[in-house]
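The structure appears right after this line, and notes come after that.
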Amino acid sequence: MVYILLGNGFEEIEALTPSDLLRRAGIELALVGVNGIEIVGSHKIVVRADLPLDAVHVESTDMLILPGGLKGVQSILDCRAALELVKRAWEAGKYVCAICAAPTILAKLGIVGSAPAVCYPGKEAEMGCAEIRDANVVRHGKLITARAAGASVDFALTLISVLKGAEEAERIAKQIVYLGGNSLAE
């Protein structure tokens, strides 16, 4: 099961694009409300989460996704239970993925360390000793980071590729007539 954590102020495209494309690929996914079931995005789009945060169990998790949006990131940082879930998932060897400003959460939790990563331009100083790359998406083992809203499709296709294979990611890219981006895998 893939869980996307939504805190009030999340960046809609960074959550909904992966949600849409992973579901097209047949991947079981739930939107998880950090601040309740109805979550308001950064552009005032209200999204109804599938589950509250306390319904998520690490044992059933294959992947956690953290969208950006400065207020959404702050919502996650302000929620001890959300931070504990992210830490436990990482320690259990699950995929932990973040886009835009959300990789800074992973840096604060010590998950990124000195690994190659990417984040929203201007947030690099909050990434600790991460090796910042110039790419839309960077995969380093089970850590996947992406630059910003414009990388949402690349991010989602990378997630599909790790969960279901490159052929499925290519199938989804063709289905949506996606012509390519800039990804870097390690």
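Once you know that position 134 of the sequence shown is 133 in numbering that gives the first Met the number 0, the rest is easy, because the numbers rise by one and skip nothing. Ideal Cβ placement from N, Cα and C applies to all residues, glycine included.
Residue state for Glu37 is assigned as strand, using DSSP reduced to three classes. Comparing C-alpha distances from Asn34 to each of His139, Gln73, Arg87, Val57 shows the shortest one belongs to Gln73. Within the same chain, and ignoring the five residues on either side of Lys70 in sequence, the residues whose Cβ sits closer than 7 Å to its Cβ are Asn7, Gly8, Ser41. Comparing C-alpha distances from Asp61 to each of Ala80, Leu76, Ile26 shows the shortest one belongs to Ile26.
DSSP places Arg132 in no alpha helix (DSSP H); its state is neither H nor E. Ranking Ala81, Ala29, Lys86 by CA distance to the CA of Val46 puts Ala29 first.
In the three-state reduction of the DSSP assignment, Gly71 falls in the helix class. Pro120 carries a coil assignment under DSSP once its states are collapsed to helix, strand and coil. In terms of Cβ geometry, Ala145 and Leu156 do not form a close pair [threshold 8 Å]. By the CB criterion at 8 Å, Val1 and Leu21 fall inside the cutoff. Here the region 85-96 lies against the region 52-60, with 3 or more beta-carbon pairs under 8 Å apart. A contact is defined here as three or more CB-CB pairs under 8 Å, and the region 123-133 fails this definition with respect to the region 147-162. The C-beta distance from Gly127 to Cys99 rounds to 17 Å, too long to fall under 8 Å, and the pair is not in contact.
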